[in-house]
Structures are given as structure tokens and as C-alpha cells.
Amino acid sequence: MVGEEHWVGWAQGAAYTTGQDWMIYEPEDGMGSETPQRLMELKNGKLWMAAGSHVYELDRNRWEKIYYAGDKINDMLETRDGGIWLATNNGVHPFINDGWLSHNTQEGLPSNTVYKLFEDRTGNILAATTRGLCRNVPESDLSPPLTTILTDTTASKEGIGKGSEIRFQGVDRWQQTSASRLLYSYRQDNNPWSAFSPTNRIVLGDLAAGNHRIEVRSMDRNGNQEMPRPPLSFVYTIPWKEDPRLMELIMGAMVIMVVLAGLAVNRHIRLKRSYAEVERLVRSRTEELEKANRELLQDQKMKALGTLASGIAHDFNSILSIIKGSVQLIESRSQKPEIIQKRIQRIHSVIDQGAGIVHSMLGYVRRGAKRIASADLNEVVGEAVKMAEASRSDVEVQIMKPPHPMEVPVDADLIKQILINLIHNASEAMQDKGIVTVRISQKNQYRGHFLWKSDISTPLACIEVEDQGIGIEEANLARVIEPFYTTKAFSARHGTGLGLSMVYEMAKEMDASLTVESTPGQGSSFRIFIALK
Numbered sequence: 011m012v013g014e015e016h017w018v019g020w021a022q023g024a025a026y027t028t029g030q031d032w033m034i035y036e037p038e039d040g041m042g043s044e045t046p047q048r049l050m051e052l053k054n055g056k057l058w059m060a061a062g063s064h065v066y067e068l069d070r071n072r073w074e075k076i077y078y079a080g081d082k083i084n085d086m087l088e089t090r091d092g093g094i095w096l097a098t099n100n101g102v103h104p105f106i107n108d109g110w111l112s113h114n115t116q117e118g119l120p121s122n123t124v125y126k127l128f129e130d131r132t133g134n135i136l137a138a139t140t141r142g143l144c145r146n147v148p149e150s151d152l153s154p155p156l157t158t159i160l161t162d163t164t165a166s167k168e169g170i171g172k173g174s175e176i177r178f179q180g181v182d183r184w185q186q187t188s189a190s191r192l193l194y195s196y197r198q199d200n201n202p203w204s205a206f207s208p209t210n211r212i213v214l215g216d217l218a219a220g221n222h223r224i225e226v227r228s229m230d231r232n233g234n235q236e237m238p239r240p241p242l243s244f245v246y247t248i249p250w251k252e253d254p255r256l257m258e259l260i261m262g263a264m265v266i267m268v269v270l271a272g273l274a275v276n277r278h279i280r281l282k283r284s285y286a287e288v289e290r291l292v293r294s295r296t297e298e299l300e301k302a303n304r305e306l307l308q309d310q311k312m313k314a315l316g317t318l319a320s321g322i323a324h325d326f327n328s329i330l331s332i333i334k335g336s337v338q339l340i341e342s343r344s345q346k347p348e349i350i351q352k353r354i355q356r357i358h359s360v361i362d363q364g365a366g367i368v369h370s371m372l373g374y375v376r377r378g379a380k381r382i383a384s385a386d387l388n389e390v391v392g393e394a395v396k397m398a399e400a401s402r403s404d405v406e407v408q409i410m411k412p413p414h415p416m417e418v419p420v421d422a423d424l425i426k427q428i429l430i431n432l433i434h435n436a437s438e439a440m441q442d443k444g445i446v447t448v449r450i451s452q453k454n455q456y457r458g459h460f461l462w463k464s465d466i467s468t469p470l471a472c473i474e475v476e477d478q479g480i481g482i483e484e485a486n487l488a489r490v491i492e493p494f495y496t497t498k499a500f501s502a503r504h505g506t507g508l509g510l511s512m513v514y515e516m517a518k519e520m521d522a523s524l525t526v527e528s529t530p531g532q533g534s535s536f537r538i539f540i541a542l543k
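Note that the numbering used here has the sequence shown beginning at 11, numbered continuously upward.
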């Protein structure tokens, strides 16, 4: 009976009643398979029950195991000072200093089998064993044991860290309790003390970086508890790979790197797509531009053809007009031989002029392959001048050349054609009223307005054709190479308009540079620059 409650026990269960209803506890309520032997209400109000070899405590309508005695529990006693004693088949088990001890024949019991426990008026504990009655005499040993931590206890310890084993050993001063039966409790830093147990070693778990200490105390089987001894102090430095803060930083950095890498990859993909789109647009625009250029070139060709046809038609129309007028004049004045002769000469002149146009056209469109060979520029120029004077008796040319030969790799025929055209052009510009000057010299730099510039390096051979004609306006310098463009009025000495255009094309063909200088009313100077080597 506990208070006003009546308790009964049976195998695998227990129950109580207050006179009306029953409260039943079965294995699912924490009860084991052993039959309860003893039920006791402690002075602190807790309810303990001994069943088989276990001690149970009732906690909110559920039985919790709090101690295993190792053999059958025969009796349970609470002393006046609040101690709990168990009588078992393997000795006496007192609950002292919040920990369980065990006494057997090594502590003086005549037998390990104890059936009953008593407390006399003086507070002594009596135990009834199979070999008689005995009394506990705690005053026979009042000195606590001494504990030594076996690990070096210097101020700084290297090698102590996570997973390190700390061992300790105690000794009972009066040898009442053997070293193997001492109980130990420890704590790390300011953590709570562990329960007393026979374990005499600990393995360190996770440690924070910094200073640490380990404290150990021991207790003998009489309950004599040692005061804490000087602790084991050491400094622990966390390896970088085990430092959670560093690992968090590393993981954070890795996450950031992954995010940045993802952004970079995404941007790269977007850039590739953008580049592909740009390339597509460029191809499209290039195709459109090429198409436009082809159309423009075709249009330019058609305009050039129109200009060419218009120029030829104009020139031949003028020639035919002169011939027609001369024929009509001959018919109307057939009785005047001098007039007829003059008109016949006029007809011959314009016929020669038409033949010159045809010859110039053939030279403009049909040129053979280049024949490059080393030649003396003085001789080539001299032959060209003789040919120009022979083809036109009214041409007077003055040659100014160096005293020594000037060997140049050129196509001599092209040089001659260029010079003949330039000399004829100069003669027409002066209208037979001056001298055409041809100079041969060596230059280290260009001079004049470029009509065509090639990629040749200095030193240069220069052939200059200078006249004293009407000159060319600066605004018209770039147009002198256009087919049929002329600044000379139409007359018997009117040119074809193809001479300078042919010079320009032949200069490009022989990779020579062509320049011009001109002053209106004073004359013009055309220069051909040729590489000496």
C-alpha cells in the first residue's frame, strides 16, 4: 500500500486502485517481463519499483528503467538520511551521491546473496545474507581516493585534439577498495560532471579552438568522494579542414564561385548567341552590300559605256560634220582648185583624227602581257621621243637626262606608249606653240598630286613630261584620267580624250606611280615614278 493507493503486481504488469477504478500498467507502459517484488514511495515523492533485476521509476504514468542490478533484487530500503539500498543476489547496491555503488564479498559481505536490509536506531545498515547477518561500518574508511591523470599535464599540449584518449588512475589511501573497483567522474571545461562509473578513460569529441581543461574525481565503494584535482589544461588548434568557420567560408566561397561560374557560362552562352546573331546580320549586310556593289559596278559600267559611246559619237559626229561641210563646199566651188585642195587636206586631217580615235580605243582595251627586263631608261625615253616626233611632225621635244646610264627593270613597250601619249597630250595642250620637255632623274620622294600610287620604295626613277600649255584647274586634276574627258576646245588639234586614261591604266599595269602638277595658263607636268630595284 502506498498512501491511499493499493498496489498489486503480477508477471509483466502492475496496477493500483484508490477503492474505485483500477490503473493498470502493462509492458507497453514501460513494464518489463519480470514480476514486481518491491514498491516504495521515496521521501521526495517519487515512486520506485523493484522488478527482477531492474529498478523502475514512475514518470507521468509510464515506468522508466533507472538501474540494472545485474541479478534479482530481493529487497529495497530507504534510509533516514535519504539513501537507497538494494539487497540482491550479487550483493548490496547503495545509491549514494547520485550514483550507484555495489558491495560484495570484497567489501566484507559474508555472502553475495542478500535477502533483507534493515536500518537500526543508530543509522547502521544491517544485511541478512545466506551466511548470516552483517553490519555496514562506513567509519572504517573515511578518506577519499586519489586520482592521477596519466596524460602529461604541462601548460601546453601538442597532439591533444579530437579523438585523443585521456586515461586516469585512482588509488584508495587505505586500500579498502581495490583500484579496479573505484568509480570515476569527469567533466570537460565547464560542462556538468558525468555520473560515476568504473570507466577510467575518455575519448575527446569535437573541440572548439582555444584553451581547454579536463577535471577528474574518483569515489570508493564506501561513497568517499574525492575533491577535484588540478585539471589537465591544453590548447587546441583546429586543423583548417576541420575548422567549421573556415569550412563555412570555403563553402560560401565555393557557392559564390559556382554562382559566378554559372553567371559567366550563362553570359558566355548569351554572348555566343549574340555573336551568332551579329554574324548572321553581318553576313546578311555583307551579302546586301556585295549585291549593291555589283549593281553599282554594273551601273558604273553602263555609265562608262554610255560615256564612251557618247564620246565616240560626239567625236565622229564632229568629224562627219567637217567632212560633210567640206564636201558641200567642194561641190559649190568646184571651179576654185585652191579651195578644193584645202578642203581635201581638211578631210584627210579629220580622217586621220578618226583613225587616231580607233587606234587609241584599241590600245585602251587590248594590251598584251607585260615583258619586264632591265633596260637603260635613257635609251628607252630617247626611242619614245623619236617615235612621237615621227608620228607628229609638229611636235618639238627637249630631253634632259643624266650623263650616266640608268638601268631599270621595266616593260619598255609600256614606257614608250606612256611617253608617246604624254608627249602628244602636251603638244595638243600647247597648240604647237611651245616645247615639250622630258626629264629623267632619280628621286627619294614623290612630288605632285597622285593620280595613281603604287607600293614601291625609294630610291625612284622619275620621268617627267612638262608642257607650257593652258594648264588644268585644281578641281579638275582628278578627272583628267577619265575616258573622253578633255579641257581643250574642239579643233583640228582636238584630242581623243583617251590619252591620259590610257596612261593611267598602263601605269597601274606596270606598278608605277603617276602624279600631276598644273598651273592654269602656265602649263602642266606629269611624272612617272618607277622603282630602281
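Idealized CB from N, CA, C, for every residue including glycine.
Beta carbon of residue i nearer than 8 Å to that of residue j
| i | j | result |
| --- | --- | --- |
| Glu519 | Leu424 | yes |
| Leu387 | Ala517 | no |
| Asp477 | Gly533 | yes |
| Ser195 | Trp184 | no |
| Ile433 | Ala398 | yes |
| Ser437 | Val405 | yes |
| Leu119 | Glu88 | no |
| Ile466 | Val420 | no |
| Gly40 | Arg72 | yes |
| Ile248 | Ala274 | no |
| Ser464 | Asp521 | yes |
| Ile540 | Val418 | yes |
| Asn210 | Asp151 | no |
| Glu38 | Thr28 | no |
First through last residue of the beta strand (DSSP E) which encompasses residue i
| i | result |
| --- | --- |
| His434 | Looking at the DSSP string, His434 is not in any beta strand (DSSP E); the run it does join, the alpha helix (DSSP H), is Ala422 to Met440. |
| Val18 | His16 to Trp20 |
| Met410 | Val407 to Met410 |
| His459 | His459 to Trp462 |
| Val526 | Ser523 to Thr529 |
| Gly23 | Gly23 to Thr27 |
| Ser534 | Gly533 to Ala541 |
| Thr496 | Unbroken run through Thr496: none, as it is neither H nor E. |
| Asp386 | Ala383 to Asp386 |
| Pro46 | Pro46 to Glu51 |
| Ser467 | Looking at the DSSP string, Ser467 is not in any beta strand (DSSP E), and its letter there is neither H nor E. |
| Lys453 | Val446 to Lys453 |
Cα-Cα separation, residue i to residue j
| i | j | result |
| --- | --- | --- |
| Gly531 | Thr296 | 48 Å |
| Ala271 | Thr468 | 56 Å |
| Glu74 | Lys56 | 12 Å |
| Thr529 | Glu289 | 51 Å |
| Ile340 | Met416 | 55 Å |
| Gln355 | Asn435 | 23 Å |
| Trp17 | Pro241 | 50 Å |
| Ile135 | Gly23 | 31 Å |
| Ile350 | Gly481 | 36 Å |
| Asn99 | Ala137 | 12 Å |
| Ala189 | Gln179 | 8 Å |
| Ala502 | Ser336 | Interpretation of Ala502 is limited by its pLDDT of 43, a score under 50 that renders its predicted location unreliable; no figure is taken from the coordinates. |
| Thr164 | Phe206 | Its pLDDT being 43, under 50, Thr164 is placed unreliably by the model, and the measurement read from it follows with that caveat. Whole-angstrom Cα-Cα distance: 26 Å. |
| Lys346 | Gly509 | 38 Å |
| Ala499 | Glu492 | With a pLDDT of 48 at Ala499, under the threshold of 50, the predicted position of this residue should be treated as unreliable, though the coordinate-derived value follows. Distance between the alpha carbons of Ala499 and Glu492: 17 Å. |
| Leu96 | Ile224 | 33 Å |
| Asn276 | Pro254 | 32 Å |
| Ser535 | Lys443 | 16 Å |
| Lys426 | Val490 | 20 Å |
| Leu256 | Tyr26 | 60 Å |
| Cys144 | Val124 | 10 Å |
| Trp20 | Thr45 | 5 Å |
| Glu527 | His459 | 6 Å |
| Gln30 | Glu236 | 52 Å |
| Phe244 | Trp110 | 32 Å |
| Asp182 | Pro238 | 15 Å |
| Thr447 | Arg304 | 43 Å |
beta-carbon residue i near the ligand FMN non-hydrogen atom, thresh 7 Å
| i | result |
| --- | --- |
| Phe244 | The ligand FMN is absent from the structure shown, which contains no ligand whatsoever. |
Start-to-end residues for the alpha helix (DSSP H) that takes in residue i
| i | result |
| --- | --- |
| Tyr514 | Gly509 to Glu519 |
At least three beta-carbon pairs within less than 8 Å, the segment 51-69 to the segment 80-92: yes
Beta strand (DSSP E) runs wholly inside the segment 55-116, at least 3 long, in chain order: 57-61, 64-68, 73-78, 83-88, 94-98 and 101-106
Entirely enclosed beta strand (DSSP E) segments - the segment 192-244, minimum 3 residues: 193-198, 211-213 and 220-229
Three or more C-beta pairs below 8 Å linking the segment 201-219 and the segment 119-128: no
Cβ contact check for the segment 99-116 and the segment 151-161: 3 or more pairs under 8 Å: no
Beta strand (DSSP E) runs contained entirely in the segment 111-186, provided each spans 3 or more residues: 124-129, 135-139, 142-145, 156-159 and 175-181
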